[in-house]
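Inspection log for the structure reproduced underneath, given as structure tokens.
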Amino acid sequence: MRLREFRWSDVAAYAAITQEARQADGGHSDFTRRDAEEYLGQPNLRPERDCFLAEVDGTPAGYVLVVPELVIDRAIIEGAVAPAYRRRGVGRMLLDRGVAHSRTLGAKLAHVSASSAATAVLRLFEGAGFAEVNRQLQMRLDLRDLVAGESAPSHVVRHLREGEEALITDLQNKAFAGSWGFAPNVPEELRYRLRMSGSRHEDALILEVDGKPSAYCWTKIQTQGDERAQGGQRLGLIWMIGVDPEMRGLGLGRAMLLASVDYLSRQGAESVELDVYADNAPAVGLYEATGFRRRGEVVFYEKRL
Numbered sequence: 032m033r034l035r036e037f038r039w040s041d042v043a044a045y046a047a048i049t050q051e052a053r054q055a056d057g058g059h060s061d062f063t064r065r066d067a068e069e070y071l072g073q074p075n076l077r078p079e080r081d082c083f084l085a086e087v088d089g090t091p092a093g094y095v096l097v098v099p100e101l102v103i104d105r106a107i108i109e110g111a112v113a114p115a116y117r118r119r120g121v122g123r124m125l126l127d128r129g130v131a132h133s134r135t136l137g138a139k140l141a142h143v144s145a146s147s148a149a150t151a152v153l154r155l156f157e158g159a160g161f162a163e164v165n166r167q168l169q170m171r172l173d174l175r176d177l178v179a180g181e182s183a184p185s186h187v188v189r190h191l192r193e194g195e196e197a198l199i200t201d202l203q204n205k206a207f208a209g210s211w212g213f214a215p216n217v218p219e220e221l222r223y224r225l226r227m228s229g230s231r232h233e234d235a236l237i238l239e240v241d242g243k244p245s246a247y248c249w250t251k252i253q254t255q256g257d258e259r260a261q262g263g264q265r266l267g268l269i270w271m272i273g274v275d276p277e278m279r280g281l282g283l284g285r286a287m288l289l290a291s292v293d294y295l296s297r298q299g300a301e302s303v304e305l306d307v308y309a310d311n312a313p314a315v316g317l318y319e320a321t322g323f324r325r326r327g328e329v330v331f332y333e334k335r336l
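Numbering (my numbering), first residue to last: 32 to 336.
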């Protein structure tokens, strides 16, 4: 068993490991070579420097990817091990390499995460010296269960226009400034994500008050491959939703949420999913009052370097 640096010729192996790991862990989403190329090509990633492959007898068995966010002194460690090579020490070797590389990059903290149901992975993290630091609730709204009387707001809600990446970047950075785990975005990153498969400017919604952009929401409908895995049902996703701090207390969070749910419903979604940190009590309360129900948890771990 050996570790080596990632090469772009490894993209197919990276995609296959990710897909096999997701399926083994109960996931439904397809992950293709194109998905891998787009993900690893993001402007904030340098896979040839920050990604490492584990090989067993010359066969790719797993990988670790370090995502540096040095502006907040941390690095996120991602990774996967192909099911056929689990319980053979591959995961621990990759995690240790990720920690060492994070330290080399100058990060002061390393963060990892996994589903609360993945007990073996959580034990791996704890055995490597990581401690739980936060939880993220995975929530779902069946549109048939939308609380009676809830309807889209009368505020002006429009789609993001091409060339407005800086506008929504600024709004997002203000909305989440100081939030746990949030690293400020730059327009180049959002511009790239809007060019990724399945992403469209019109799926980003902006709520205006007297002509001022005051809240936003990134939405998406899952791809056809995911729909087949879900039995033909279309699933709406809310990636990020936030309100300008200067405009809080006016009910704009609820208005933006309802407008986004309404938009996804009109796109054919039968249910909507979102994630929210457990320590964000106001947001959790809003989602539950709207009809969202908890379907799972992701546990975040931290290690000081």
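Backbone N, C-alpha and C fix where the C-beta goes; we use that ideal spot for every residue, glycine too.
From a predicted model like this one, the values you see are computed outputs, not experimental measurements.
Verify whether the separation of the beta carbon atoms of residue i and residue j is less than 8 Å.
i: Pro218; j: Glu196; result: yes
i: Leu84; j: Pro78; result: no
i: Leu317; j: Arg285; result: yes
i: Arg325; j: Leu174; result: no
i: Arg166; j: Phe323; result: no
i: Glu68; j: Val97; result: no
i: Leu358; j: Asp275; result: Outside the shown range of the chain (32 to 336) lies residue 358, about which nothing can therefore be said.
i: Tyr94; j: Tyr45; result: yes
i: Leu238; j: Ile269; result: no
i: Trp393; j: Met271; result: Given a span of 32 to 336 for the chain in the structure shown, any question on residue 393 remains unanswerable.
i: Pro99; j: Asp81; result: yes
i: Gln253; j: Glu301; result: no
i: His186; j: Val240; result: yes
i: Arg188; j: Ala290; result: Sequence check: residue 188 is Val here, not Arg. Yes, the Cβ-Cβ distance between Val188 and Ala290 is below 8 Å.
CB-CB under 7 Å to residue i, same chain, minus the five flanking residues each way: which ones, in chain order?
i: Val152; result: Ala145
i: Asp143; result: Residue 143 is actually Val in this sequence, not Asp. Around Val143: Ile108, Phe156, Phe161, Tyr332.
i: Leu76; result: Val98
Can you tell me whether residue i is helix, strand or coil according to DSSP?
i: Ala309; result: coil
i: Ala113; result: coil
i: Gly284; result: helix
i: Ala149; result: coil
i: Thr63; result: coil
i: Asp127; result: helix
i: Glu233; result: helix
i: His132; result: helix
i: Trp211; result: coil
i: Glu36; result: strand
i: Pro244; result: strand
i: Leu191; result: coil
i: Gly93; result: strand
i: Phe83; result: strand
i: Phe323; result: coil
i: Leu177; result: coil
Using a Cβ-Cβ cut-off of 8 Å, state whether residue i counts as contacting chain C.
i: Ser230; result: Going by chain labels, chain C is absent from the structure shown, which holds only one protein chain.
Measure how close the beta-carbons of residue i and residue j come, nearest whole angstrom, since I'm counting them as under 8 Å.
i: Ile103; j: Ala214; result: 5 Å
i: Ala106; j: Ala138; result: 4 Å
i: Arg224; j: Ser230; result: 6 Å
i: Leu336; j: Ser133; result: 6 Å
i: Gly273; j: Tyr308; result: About 13 Å; that fails the 8 Å criterion.
Between which residues of its own chain and residue i is the CB-CB distance below 8 Å, once the five residues before and five after are set aside?
i: Asp56; result: Ser146, Ala149
i: Arg33; result: Ala85, Glu86
i: Gly48; result: Correcting the residue type first, residue 48 is Ile in the shown sequence and not Gly. Around Ile48: Pro91, Ala92, Gly93, Tyr94, Ala111, Val112, Ala113.
i: Leu125; result: Leu34, Phe83, Ala85, Gly93, Tyr94, Val95, Gly110, Val112
i: Asn204; result: Pro215, Asn216
What does a CB cutoff of less than 6 Å around residue i pick up in its chain, not counting 5 residues either side in sequence?
i: Ala52; result: Ala111
i: Met278; result: Ser245
i: Val303; result: Leu172, Gly267, Val292, Leu295
i: Val164; result: Phe331, Glu333
i: Val121; result: Ala85, Ala92, Gly93, Val112
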